[in-house]
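Numbering (this note's numbering), first residue to last: 134 to 293. Below is one structure; the comments refer to it alone.
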Amino acid sequence: MRIGMGYDIHRLVTGRKLVLGGVTIPYKKGLLGHSDADVLIHALCDALLGAIGQGDIGTHFPDTAPEFKDISSMIILAQTWDMVCAEGFSLENADTTIMAEQPKLAPYRTAMRQNIAGVMNTDPHCISIKATTTERLGMIGRGEGIGAMCVVLLTKKNSA
Ligand code: MG
Numbered sequence: 134m135r136i137g138m139g140y141d142i143h144r145l146v147t148g149r150k151l152v153l154g155g156v157t158i159p160y161k162k163g164l165l166g167h168s169d170a171d172v173l174i175h176a177l178c179d180a181l182l183g184a185i186g187q188g189d190i191g192t193h194f195p196d197t198a199p200e201f202k203d204i205s206s207m208i209i210l211a212q213t214w215d216m217v218c219a220e221g222f223s224l225e226n227a228d229t230t231i232m233a234e235q236p237k238l239a240p241y242r243t244a245m246r247q248n249i250a251g252v253m254n255t256d257p258h259c260i261s262i263k264a265t266t267t268e269r270l271g272m273i274g275r276g277e278g279i280g281a282m283c284v285v286l287l288t289k290k291n292s293a
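As structure tokens, this is what we get:
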């Protein structure tokens, strides 16, 4: 068994789409980043890379690389998941928390789970997505950004 954790935060700005878990969410602002800045997927990728001891998302998908400019983070997830599978691991579960003061994310939770489960070829029930505000405290509470945390558990079957 291997456990991994991931954490990410991105700044909210005008003139960008808000993409979380591969779902474009109607909102007056979006997250700033080199890719589509899907903070949930970035936290998940870091957790997966941590579990297999392969560095972090910045190691494999540097924000200086033109090929990753504005790409969907679901492509980053697919490539990260390929690395996990190449090591012989499968996913037991992933548990995530999105920290955002606004907008309300509950209506998009099912679609996010299905998107992630689809890329990882797993059951949506293995993907947990929770959301919380920070009670208007700090940078997230002031609406300056959105953060996400993730824990994953991977297992490798012993070869007979
Ligand atoms: Mg990021």
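Backbone N, C-alpha and C fix where the C-beta goes; we use that ideal spot for every residue, glycine too. Note that the structure is predicted; figures quoted are calculated from it, not measured.
Problem set entry | Stretch pair the stretch 219 to 229 + the stretch 201 to 210: three plus CB contacts closer than 8 Å | no
Problem set entry | Rounded Cβ spacing between G139 and L177 (contact assumed at less than 8 Å) | 6 Å
For this session: Mind checking who R135 pairs with in its DSSP beta bridge?
Result: L287
Exercise. Is any heavy atom in the ligand MG found nearer than 8 Å to the beta carbon of G271?
Worked result: no
Exercise. Enumerated in chain order, which unbroken segments of the alpha helix (DSSP H) with a length of 4 residues or greater are wholly contained in the stretch 178 to 215?
Worked result: 190 to 193
Exercise. What are the boundary residues of the beta strand (DSSP E) that A250 is part of?
Worked result: Here A250 belongs to no beta strand (DSSP E); instead the alpha helix (DSSP H) covers 242 to 252.
For this session: Measure the Cβ-Cβ separation of L238 and I158 and say whether it is below 9 Å.
Result: yes
For this session: Please find out if some non-hydrogen atom of the ligand MG comes closer than 8 Å to the beta-carbon of I190.
Result: yes
Problem set entry | For T230, the first and last residue of its enclosing beta strand (DSSP E) | 223 to 232
Problem set entry | Nearest-residue set for the ligand MG, Cβ under 5 Å from any heavy atom | D141, H175
Exercise. Taking the beta strand (DSSP E) that L151 falls in, what are its first and last residues?
Worked result: 151 to 153
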